[in-house]
Amino acid sequence: MTVHQHLPAGTILLADSQALGCAGMVFRVDPVTGEVGQFALGGELQGATGIAIESDGNIVVSKDRSFPGTGILLRLDGRTGAQSEVTSGGKFTAPIDVAVEADGNILVADVATGGFGAVIRVNRTTGKQTVLSQGDGTGDPAVRAAGLCVAPDGSILVVEQNMIGGEDLSSRLVRVDRVSGARTTVTSGGELRSPCGVVVDSAGHILIADANAFPGFGGGVIKVDPATGAQTTVSSGGGFVAPGSIAIEADGSLLVTDSDPGGTDRFLFRVDPVTGAQKVVASGGQFKSLVGVAVVR
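Taking our numbering, the leading residue of the sequence shown gets 11, the next gets one more, and so forth.
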């Protein structure tokens, strides 16, 4: 077992569900040079769907085995990459993303729990699962959770889309109360078609990566005013084909993964949040299906 030094602040972690002959891998990327290295591979990482970093430096990864009741939440040791199971089965059906709350508990977005998906809270120590908020099945067709993050006030932001396939004008952003689980729509429609990832910047603005926004221009990043729900374009076109997961660096730059579903191109982009300029941080044949990105603090 390789023991790493503590990962330096700013290190980028990428979850890839099919790297290394579909074994799955978590890559580490130098934020300055773009050098890509292996952090953890194989084991239960095949079918990974999301990644987040705990306050102690350990890493949690959601995994979908594509069989009802067999989703898994993994923990990777932050120094060795060793895998352990936090929880599996239970309320899980098809976990699709993961986030960590301020108190250390873990949130998992599941696309199919109860038929319309849910946000499930997991006790970080015991692995106990509690359904915090159930999808309501509204929309035509019904939309379901596709990604989530924790806002500075502790509320939970969830992007929902038509998971049957294709772009969908009923996609939306929902705010979930962390105590009651009550759901409030922040914004819907507009440029939201296949929202996949969501983060909040230091000013409280919400940033969404959408694989099919701006049809004909390869998706993009959309900024949402948390008070009014107004949508504005941050970045579109350029090198984007199907933007997926999104994270924010310490300086406010955005990191966006992009995996062309119909080709072999896989990229990690850095996006200027003001100008929308895109820069490739890392790319290459080692990437197969980038499903999550996180930044070490």
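Note that the Cβ used here is the ideal one computed from N, Cα and C, for glycine as well.
#### Entry: Candidates GLY114, GLY137, VAL108 and VAL153: closest to GLY127 by CA position
Along the sequence shown, read from residue 1 onward, the residue named residue 127 stands at position 117. Answer by Cα proximity: VAL153.
### Message
Starting from GLY31, trace the alpha helix (DSSP H) in both directions and tell me its first and last residue.
### Response
On the sequence shown, residue 31 is found 21 positions in, with the first residue counted as 1. Note, GLY31: alpha helix (DSSP H), 29-32.
### Query
Is there contact here, the region 290-297 with the region 34-44, by at least three beta-carbon pairs under 8 Å?
Short answer: they touch.
### Meets three-Cβ-pair contact criterion under 8 Å: the region 209-229 and the region 253-264
These segments touch.
### Message
I'd like to check one pair, THR197 with GLY239: are the Cβ atoms closer than 8 Å?
### Response
For this step, residue 239 is matched to residue 229 along the sequence shown. For this step, residue 197 is matched to residue 187 along the sequence shown. Judged by beta-carbon spacing, THR197 lies within the 8 Å limit of GLY239, meaning their Cβ atoms are closer than that value.
### Message
Here's the rule: buried if 16 or more other CB atoms are within 10 angstroms of the residue's CB, otherwise exposed. What is ASP220?
### Response
Counted from its first residue, the sequence shown places residue 220 at position 210. Around the Cβ of ASP220, a 10 Å sphere holds 16 or more other Cβ atoms; the residue is buried.
### Query
Do the CB positions of ASN222 and ARG203 come within less than 8 Å of each other?
Start at 1 with the first residue of the sequence shown, and residue 222 comes out as number 212. Start at 1 with the first residue of the sequence shown, and residue 203 comes out as number 193. Yes, the pair counts as a contact, with Cβ atoms nearer than the cut-off.
### Task
Return the Cβ separation of VAL36 and PHE49 in integer angstroms, given the expectation that the two are a contact with Cβ distance under 8 Å.
As a first step, residue 36 is located in the sequence shown; it is residue number 26 there, counting from the start. As a first step, residue 49 is located in the sequence shown; it is residue number 39 there, counting from the start. Rounded, the Cβ-Cβ distance is 5 Å, consistent with contact.
### Task
Give the single residue among SER165, GLY145 and CYS206 whose Cα lies nearest to the Cα of THR267.
Numbered from 1 along the sequence shown, position 257 holds the residue referred to as residue 267. Residue CYS206 is the option with its Cα nearest to THR267.
### Task
May I ask you to report which of helix, strand or coil DSSP gives VAL186?
Translated into positions along the sequence shown, residue 186 becomes position 176. DSSP places VAL186 in strand when its eight states are reduced to three.
### Task
Under 6 Å Cβ to Cβ from ARG134, same chain only, skipping five residues before and after it: list those, please.
Here the question's residue 134 lines up with position 124 in the sequence shown. Counting only Cβ-Cβ distances below 6 Å, and skipping sequence neighbours, we find GLY114, ASN115 and ILE116.
#### Entry: Own chain, CB closer than 6 Å to MET11, minus 5 neighbours either side, in chain order
As a working mapping, residue 11 is identified with position 1 in the sequence shown. Because the pLDDT at MET11 is just 46, under 50, the model does not fix this residue reliably, and the value given afterwards should be weighed accordingly. When the five nearest sequence neighbours on each side are left out, the beta carbons in the same chain lying within less than 6 Å of the beta carbon of MET11 are those of THR90, in order along the chain.
### Task
Identify, in the order they occur along the chain, each residue of the same chain with its Cβ nearer than 6 Å to the Cβ of SER94, setting aside the five sequence neighbours on each side.
Residue numbering aside, residue 94 sits at position 84 when the sequence shown is read from its first letter. Taken in chain order, the residues that qualify are ARG85.
### Query
Excluding five sequence neighbours on each side, which residues of the same chain lie with their C-beta closer than 7 Å to the C-beta of ASP187?
In the sequence shown, residue 187 corresponds to position 177, counting from 1. Answer for ASP187: SER165, listed in chain order.
### Task
Figure out for me which residue from ALA237, LYS73 and THR243 has the closest Cα to the Cα of VAL218.
Here residue 218 refers to the residue found at position 208 of the sequence shown. The residue asked about is misnamed: residue 218 is Ile in this sequence, not Val. Considering only alpha carbons, the answer is THR243.
### Task
In the DSSP assignment, find the beta strand (DSSP E) that holds PRO105 and state where it starts and stops.
Start at 1 with the first residue of the sequence shown, and residue 105 comes out as number 95. For PRO105, the enclosing beta strand (DSSP E) covers residues 105-110.
### Task
Would you tell me roughly how many angstroms separate the C-alpha atoms of GLN28 and PHE297, rounded to the nearest one?
Numbered from its first residue, the sequence shown carries residue 28 at position 18. Numbered from its first residue, the sequence shown carries residue 297 at position 287. Their backbone Cα atoms lie some 8 Å apart in a straight line.
### Task
Say yes only if the C-beta of ASP268 is nearer than 7 Å to one or more non-hydrogen atoms of the ligand GTP, and no if none qualify.
As for the ligand GTP, it is missing from this structure, which has no ligand bound.
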